[in-house]
Amino acid sequence: MIQIPGEIYLVGGAIRDRLLGRTEGDRDYVVVGSTPEAMLAAGFKQVGQEFPVFLHPETREEYALARTERKQGKGYHGFLCDFKPTVTLEEDLRRRDLTVNAIAEDANGRLIDPFNGLQDLKSRNLRHVSEAFVEDPLRVLRVARFQAELFEHQFRIAAETEELARQISASGELASLTAERVAMETMKALETSHPEQYFYTLATLHALEPLFPELAKSWQTAELTMLPGIRALKVAVELNLSAPQRWAALVHDQSQETILQLGGRLKLAKTFTHLSLKVKRFGPAITRVEHASAEEIASLLQQLDTFRNPKNLTQVVAVLAAIEARKTLSHYTPLTILEGALEAAMKVNNQQLIKQGLSGKALGEAIKDARIRAIQAILR
Ligand code: CTP
6 MIQIPGEIYL VGGAIRDRLL GRTEGDRDYV VVGSTPEAML AAGFKQVGQE
56 FPVFLHPETR EEYALARTER KQGKGYHGFL CDFKPTVTLE EDLRRRDLTV
106 NAIAEDANGR LIDPFNGLQD LKSRNLRHVS EAFVEDPLRV LRVARFQAEL
156 FEHQFRIAAE TEELARQISA SGELASLTAE RVAMETMKAL ETSHPEQYFY
206 TLATLHALEP LFPELAKSWQ TAELTMLPGI RALKVAVELN LSAPQRWAAL
256 VHDQSQETIL QLGGRLKLAK TFTHLSLKVK RFGPAITRVE HASAEEIASL
306 LQQLDTFRNP KNLTQVVAVL AAIEARKTLS HYTPLTILEG ALEAAMKVNN
356 QQLIKQGLSG KALGEAIKDA RIRAIQAILR
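In terms of our numbering, the sequence shown opens at residue 6 and continues consecutively.
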């Protein structure tokens, strides 16, 4: 058994989520009254350079030394950290973003709640812990993400917290956030049950323009709730689509150039941009597939690379279903037709054609012809 040097408290999202009856995510612990040396001597591994966080050698859970933070320079990194063993639990909780994230639990299961997080959990308030909220621009995104995550539990952002977040937006500090940070919060928001709330909140907090200038520009003339991208995103959630699919739904009516620009600037994983571009490029042909010939269908399946990777088909077509506001995939005609065509075309026996002595270009042509014939047969 590892002996942890200091008092241990469970903090943050794990407590918030448990009290809300949600599935708990990662468990984060705070250690009061310890030092990096004592943690290392107890067998913990240090991770993170900016402030001391340690991994438990057995559970791999994160233990951070209690610390205070003070803003010194500009930007997300301009913090002065103090993690002396005299830093108290309350001081550590005071530096946190929201009261619902600033509740601690000791080893006996007793809750410590100096900032009334429990009351805010009950009254569904996302409220800042202290005025120091403004010192970290990432919090504007976090608040928007929590609004998306907790919207189904009827949470609302407290008016004073909105005011502080707007102060951050007006200060220009959002520009100091790295692309990775913005992308990470956005990805987490996309996976929530109400990702549209993330974008609505950013707009309310005057953060849409600085964070997503590409989207803000094309969105500025319309009511956000009415935007085709937002509508498609909401249906994508109902269809239980993945984060890249939700993103593709959101940006489906943006230009190819904007999609590339967004993906590049935010350094999104390639699947996000690739899928969005596929939806744009093949969308018109797929949605009209019931009028297509067997040859056109075979070519579409080939271009979507479905013969090597059949999952590509539903990945793209499901986004189109969301764009067309279909609440279920089961009777979506383009999907039914293309799935049937793919199944038929996949039955073509390449080995048999090889046995017939075909190779190279001739083999390729023969496979293509056989696939067209197979698709033709099911279209009749
Ligand atoms: N925290 C903060 N300000 C930040 C980041 C984190 O105050 N910019 C604090 C919050 O108390 C938060 C805790 O650190 O609860 C852990 O952060 P993190 O794991 O990023 O978020 P969680 O709140 O645990 O939520 P989730 O795991 O759902 O992202």
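Glycine included, C-beta positions come from ideal geometry on N, C-alpha and C. Note that this is a predicted model, so its numbers are computed, not measured.
Residue i versus the options, residue with shortest Cα-Cα distance
{"i": "ASN314", "options": "ILE328, LEU347 and LYS373", "result": "LEU347"}
{"i": "GLU168", "options": "ALA299, ALA371, ALA248 and GLU136", "result": "GLU136"}
{"i": "LEU25", "options": "LEU207, VAL240, VAL134 and GLN124", "result": "GLN124"}
{"i": "PHE156", "options": "LEU182, ALA163 and ARG129", "result": "ARG129"}
{"i": "PRO10", "options": "GLY53, PHE56, ALA69 and GLY30", "result": "ALA69"}
{"i": "CYS86", "options": "GLU140, GLN307, GLN261 and LEU229", "result": "GLU140"}
{"i": "ALA153", "options": "LYS193, MET189 and ARG171", "result": "LYS193"}
{"i": "GLY48", "options": "GLU29, GLN8, ARG72 and VAL36", "result": "GLN8"}
{"i": "LEU60", "options": "SER39, TYR34 and THR73", "result": "TYR34"}
{"i": "ALA241", "options": "GLU196, GLU370 and ILE108", "result": "GLU196"}
{"i": "ALA350", "options": "LEU306, PRO119 and SER247", "result": "LEU306"}
{"i": "GLU29", "options": "GLY17, VAL37 and LEU255", "result": "GLY17"}
{"i": "GLY234", "options": "GLU243, TRP252 and LEU244", "result": "TRP252"}
{"i": "ARG161", "options": "ALA326, LEU103, GLY269 and ASN113", "result": "LEU103"}
{"i": "ARG150", "options": "SER364, LEU334 and GLN202", "result": "GLN202"}
{"i": "ALA164", "options": "SER176, HIS158 and VAL148", "result": "VAL148"}
{"i": "GLY38", "options": "GLY53, GLN54 and THR93", "result": "THR93"}
{"i": "PHE277", "options": "VAL52, SER247 and SER181", "result": "SER247"}
{"i": "ALA71", "options": "GLU96, LEU334 and LEU232", "result": "GLU96"}
Classification of residue i by the beta-carbon crowding that lies within 10 angstroms, buried from 16 upward
{"i": "ASN106", "result": "buried"}
{"i": "THR191", "result": "buried"}
{"i": "THR64", "result": "exposed"}
{"i": "ALA303", "result": "buried"}
{"i": "PHE56", "result": "exposed"}
{"i": "ALA170", "result": "buried"}
{"i": "THR311", "result": "buried"}
{"i": "GLN250", "result": "buried"}
{"i": "GLN259", "result": "buried"}
{"i": "ALA237", "result": "buried"}
{"i": "PRO289", "result": "exposed"}
{"i": "SER281", "result": "buried"}
{"i": "ALA109", "result": "buried"}
{"i": "MET44", "result": "buried"}
{"i": "ARG293", "result": "exposed"}
{"i": "ILE264", "result": "buried"}
Span of the beta strand (DSSP E), counted from its first residue to its last, around residue i
{"i": "LEU70", "result": "67 to 70"}
{"i": "GLU12", "result": "12 to 16"}
{"i": "LEU220", "result": "Careful: LEU220 lies outside any beta strand (DSSP E), inside the alpha helix (DSSP H) at 218 to 224."}
{"i": "VAL35", "result": "33 to 37"}
Continuous alpha helix (DSSP H) stretch holding residue i: start and end
{"i": "ILE359", "result": "355 to 360"}
{"i": "TYR203", "result": "200 to 209"}
{"i": "GLN159", "result": "No alpha helix (DSSP H) contains GLN159, which DSSP labels as neither H nor E."}
{"i": "LEU305", "result": "299 to 308"}
{"i": "PHE287", "result": "275 to 292"}
{"i": "VAL187", "result": "184 to 195"}
{"i": "LEU340", "result": "338 to 351"}
{"i": "ALA421", "result": "With the chain running from 6 to 385 in the structure shown, residue 421 is simply not present."}
{"i": "GLY268", "result": "261 to 270"}
Collapsed DSSP secondary structure at residue i in the structure displayed
{"i": "ASP97", "result": "helix"}
{"i": "ARG75", "result": "strand"}
{"i": "LEU244", "result": "coil"}
{"i": "ASP125", "result": "helix"}
{"i": "GLN320", "result": "helix"}
{"i": "ALA327", "result": "helix"}
{"i": "ASN106", "result": "helix"}
{"i": "LYS50", "result": "strand"}
{"i": "ILE9", "result": "coil"}
{"i": "PHE59", "result": "strand"}
{"i": "LEU334", "result": "coil"}
{"i": "PHE84", "result": "strand"}
{"i": "LEU389", "result": "Here the chain comprises residues numbered 6 to 385, so residue 389 is not present and cannot be evaluated."}
{"i": "HIS133", "result": "strand"}
{"i": "LEU116", "result": "strand"}
{"i": "ARG251", "result": "helix"}
{"i": "ARG147", "result": "helix"}
{"i": "ALA227", "result": "coil"}
{"i": "ASP141", "result": "coil"}
{"i": "THR166", "result": "helix"}
8 angstroms Cβ shell around residue i - same chain, five flanking residues per side excluded
{"i": "LEU179", "result": "PRO142, VAL145, ILE173, ALA212, PRO215 and LEU216"}
{"i": "ASP295", "result": "It should be pointed out that residue 295 corresponds to Glu in this sequence rather than to Asp. Counting only Cβ-Cβ distances below 8 angstroms, and skipping sequence neighbours, we find THR338, PRO339 and ILE342."}
{"i": "LEU309", "result": "LYS283, PHE287, ASN317, LEU318 and VAL321"}
{"i": "PRO62", "result": "ILE7, GLY48, PHE49 and LYS50"}
Residues near residue i in its chain [Cβ-Cβ closer than 7 angstroms; skip 5 each side]
{"i": "ARG32", "result": "LEU15, ALA19 and GLU66"}
{"i": "GLN266", "result": "GLU219"}
{"i": "ASP111", "result": "TYR14 and ILE117"}
{"i": "ALA299", "result": "ILE377, ILE380, GLN381 and LEU384"}
{"i": "LYS272", "result": "ALA184, GLU185 and ALA188"}
{"i": "LEU229", "result": "PHE204, TYR205, ALA208 and ILE235"}
Test: residue i CB closer than 7 angstroms to a CB of chain B
{"i": "ALA227", "result": "Going by chain labels, chain B is absent from the structure shown, which holds only one protein chain."}
Close-in-space but distant-in-sequence residues of the same chain around residue i (CB under 6 angstroms, 5 per side omitted)
{"i": "ALA327", "result": "ALA237, VAL240, ALA241, LEU244 and ALA254"}
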